[in-house]
Amino acid sequence: MDMTNSEDILTGLMRWVEIDTPTGATETIGTLIDLIAADLEPLGAALERVPGRDGMGDHLIARFAGANGPGVLITSHIDTVCPPGAVTIRRDGDRQYGPGIADMKGGGYLAFSAVRNLLASGAPLPGPVTLIYNSDEEIGSPTSHALIQAEAKKHGAALIPEPARGDEVITFRKGRAKYTLDIFGTEAHAGSAFANGRSAISELARVIVRLDALTDLSAGTTVNVGRIRGGSEPNVVAGHAACDVDVRFAKDEARRRHRRHAPRHDLEGSRDADRGVGRDRKARSCAHQGDAVDVRNGPRLQRRSRLRSGRDQLRRRQRRQFHLGRRRAHPRRVGCDRQ
Ligand SMILES: [Zn+2]
């Protein structure tokens, strides 16, 4: 088999595609892992099969030793989305259809082919190369996240040969942080006791202006307040307001800067402090955290790799809370939830 010929690559790939492997189909996933392991073994890979748990299938790690250079991790998922039989396997000219062929068995197979060609060339690997085939990515990698994270830390680069948009090459993706900002004020009747109230909505409005100002398009940092909520009645000073924030950043430094300058800091000088209630404020910050491939123009999949640092692969979620104004008799607190 000529592993540089797209028809031969397709023939090899279809063996993987014909085994239908929706997330959680542990039996067929096991069969596919057997096949991938059998493909990799002759190349001299040290194979580690991680048994499935929590209803998920097995994962496979294949390690190739190299010199002392920074290693490369290539991670591919072998689970698919559609129920078995939902996508028919057929060919239409240069296009081949099949369940998960583009997302992303094609990418996973090309990673295998690339390593195979590299080893066949006789050139020594400048650093270790590790392939991961995980089986639960489509639902957020609940049982493989930690192992991918651990492997990523051992390598200089992580490649994800998964298709992107259209025929584009994606060589970079921004990091992302999401958090919910809860603001707690003091409820009061807007008619008879307005002065006793501390409006969480008013504070949220001020905070949003400050969040907006943290966007820096030239640096690739965007801060989007995408959802807000709060208050109870028009005649009640709002005791609670919240917003959901989505932050994208091109450099990790921007994420750190956002954490430093995000609202907790800004609130220190807010109007409520001037009203003499700042000392009662409680502020806490908790950081948590029908597919087709083009056969003739096969490199399409290969070109769509994306590169991220292992660190950026982790979605960071934060939940921040603020208590403004005077403490209630029964303060309403929300724990620092993982979302
Ligand atoms: Zn995918």
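Residues 1 to 339 in full-length UniProt numbering are what the sequence shown spells out, letter by letter.
We put the beta carbon where it would ideally sit given N, CA and C, even for glycine.
For T31, the enclosing alpha helix (DSSP H) stretches over residues T26 to L40. A250 is a Cβ neighbour of K174, given a cutoff of 7 Å. Between the alpha carbons of G24 and H189 lies a gap of roughly 53 Å. A heavy atom of ligand 1 is found nearer than 6 Å to the CB of D103.
Contact between the segment 238-246 and the segment 182-200 is present, with at least three C-beta pairs closer than 8 Å.
Distances from the alpha-carbon of V72 to those of D216, L60, P126 and D20 put P126 closest. Beta-bridge annotation (DSSP): F249 is paired with G175. A Cβ-Cβ contact shorter than 7 Å links D58 with I33.
Taking a 10 Å sphere around the C-beta of S144, we find 16 or more other C-beta atoms and assign the residue as buried. Residue side-chain check: E187 keeps its Cβ at 6 Å or more from all non-hydrogen atoms of ligand 1.
By the C-beta density criterion, F112 is buried, having at least 16 other C-beta atoms within 10 angstroms. Put simply, of L40, N224 and E203 the residue whose alpha carbon is nearest the alpha carbon of N117 is L40. Taking 7 Å as the cut-off, the Cβ atoms of G220 and D246 do not count as close. The alpha carbon of T180 has as its nearest neighbour, out of D244, G197, L110 and P163, the alpha carbon of D244. Spanning the alpha carbons of R90 and P99 requires a straight line of approximately 10 Å.
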